[in-house]
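K.L.:
The following block contains the structure, expressed as structure tokens.
In full-length UniProt numbering, the protein residues as written are 1 to 272.
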């Protein structure tokens with residue numbers, strides 16, 4: 001049983017009205033360039049918009065096209081990516097550029113199913129890129145969108161699954177302008193979190209992010225920063241520079257090597 005046309009229209013008017021009055025402005029919202037939108041969506045995975053804004057401009061200035069990015073070294077990409085964290089995404093963006101150039105002649109496909117072939121691109125990112133770059137009326141959900149629907153249609157309920165929310169996302173989709181609609185939903189969700197707390201905690205998919213200080217994530221980032229800056233180190237030197245145990249750093253380096261973020265040559269570790 002659906003919401004009904006009156007409820008849908010009222011919800012759309014409320015969300016779009018808020019966006020007209022208090023909508024946020026980000027540089028990736030001012031472009032329809034598929035490359036720029038793809039870069040922004042990859043950066044925004046698990047990263048706050050305030051941290052992405054500066055890096056987005058810096059990245060596009062250094063790598064303004066698929067072709068330029070595809071021709072760069074991974075170390076150059078990681079150098080610009082520093083500060084965003086989750087460095088596997090940087091490799092994913094770099095590898096995606098090479099695939100887009102080689103497979104599709106530098107033109108990003110419009111179909112989400114094809115986009116999901118690219119590294120680090122899941123259902124949400126594929127559909128967000130297709131929507132924001134090409135205006136395709138895809139149905140997807142992320143943290144702020146989830147917050148809006150939990151707050152409006154599932155008040156007080158715990159453990160709500162995305163499978164329950166997605167049919168409502170589809171039913172309420174404002175198909176006249178899907179780009180603006182999803183940006184509006186994200187703005188309303190961010191405002192709800194700021195003013196009333198995170199309703200997303202009532203989602204069955206909510207996971208509290210682990211502490212960063214002293215975490216493996218922190219050590220991974222520190223290892224890559226040293227290697228990008230110095231060009232290569234022995235594991236013992238890395239451990240000494242970071243003030244960590246050699247065994248711990250060896251484990252981190254091994255994981256980074258398996259992910260293709262570093263290589264070993266002649267007893268030293270490098271970013272390729």
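Just so it is clear, CB atoms sit at the ideal spot from N, CA and C, and this is done for glycine as well.
Check the DSSP bridge columns for residue 203 and list the partner residues they point to.
P.N.:
Against the chain shown, residue 203 aligns to sequence position 203. Note: residue 203 sits in a beta bridge opposite 160.
K.L.:
Ignore the nearest five residues each way along the sequence and tell me which others in residue 127's own chain have a CB closer than 6 Å to its CB.
P.N.:
Position 127 of the chain shown holds residue 127. Excluding positions up to five away in sequence, the list reads 112, 138 and 140.
K.L.:
Do the stretch 32 to 40 and the stretch 1 to 12 make contact, defined as three or more Cβ pairs closer than 8 Å?
P.N.:
no
K.L.:
Label residue 258 either buried or exposed according to how many other C-beta atoms from any shown protein chain fall within 10 Å of its C-beta, with 16 as the threshold for buried.
P.N.:
For the purposes of this step, residue 258 is identified with residue 258 of the chain shown, where counting begins at 1. Under this definition residue 258 is an exposed residue.
K.L.:
Identify which residue in 235, 77, 186 and 81 has its Cα closest to the Cα of residue 269.
P.N.:
Here the question's residue 269 lines up with position 269 in the chain shown. Closest option to residue 269, Cα to Cα, is 235.
K.L.:
Among the residues of its own chain, which have a CB less than 6 Å from the CB of residue 220, if the five just before and after it don't count?
P.N.:
For the purposes of this step, residue 220 is taken as residue 220 along the chain shown, with counting starting at 1. Here the set comprises 252.
K.L.:
Taking three-plus beta-carbon pairs below 8 Å as touching, is the stretch 15 to 30 in contact with the stretch 99 to 112?
P.N.:
no
K.L.:
Counting Cβ pairs closer than 8 Å, one from the stretch 81 to 101 and one from the stretch 216 to 231, do we hit at least three?
P.N.:
In short, these stretches touch, since the Cβ pair count reaches three.
K.L.:
Could you say which of 92, 53 and 47 lies nearest to residue 143 if we only look at CA atoms?
P.N.:
Counting from one through the chain shown, the residue named residue 143 turns up at place 143. Nearest of 92, 53 and 47 to residue 143, Cα basis: 47.
K.L.:
In terms of residues, what are the limits of the beta strand (DSSP E) holding residue 270?
P.N.:
Locating residue 270 in the chain shown gives position 270, counting from the first residue. 268 to 270 is the extent of the beta strand (DSSP E) around residue 270.
K.L.:
Compare the beta carbon distance of residue 165 and residue 195 with 9 Å and say whether it is the shorter of the two.
P.N.:
In the chain shown, the residue the question calls residue 165 occupies position 165. In the chain shown, the residue the question calls residue 195 occupies position 195. Against a cut-off of 9 Å, the Cβ pair of residue 195 and residue 165 comes out as no contact.
K.L.:
Just to confirm my understanding: we take residue 272, look at its own chain, exclude 5 residues before and 5 after, and list those with CB closer than 6 Å. What are they?
P.N.:
Translated into positions along the chain shown, residue 272 becomes position 272. Hits under 6 Å: 74 and 263.
K.L.:
If you check the beta carbons only, do residue 162 and residue 192 fall under 9 Å apart?
P.N.:
If you number the chain shown from 1, residue 162 lands on position 162. If you number the chain shown from 1, residue 192 lands on position 192. No. Outside cutoff.
K.L.:
Ignore the nearest five residues each way along the sequence and tell me which others in residue 135's own chain have a CB closer than 7 Å to its CB.
P.N.:
Stepping through the chain shown from its first residue, residue 135 is reached at position 135. Taken in chain order, the residues that qualify are 178 and 179.
K.L.:
Check for me: the beta strand (DSSP E) holding residue 265 runs from which residue to which?
P.N.:
For the purposes of this step, residue 265 is taken as residue 265 along the chain shown, with counting starting at 1. Its beta strand (DSSP E) spans residues 263 to 265.
K.L.:
If we call anything under 9 Å between Cβ atoms a contact, is residue 16 one with residue 184?
P.N.:
As a position in the chain shown, residue 16 is number 16, starting the count at 1. As a position in the chain shown, residue 184 is number 184, starting the count at 1. Closer than 9 Å, so yes.
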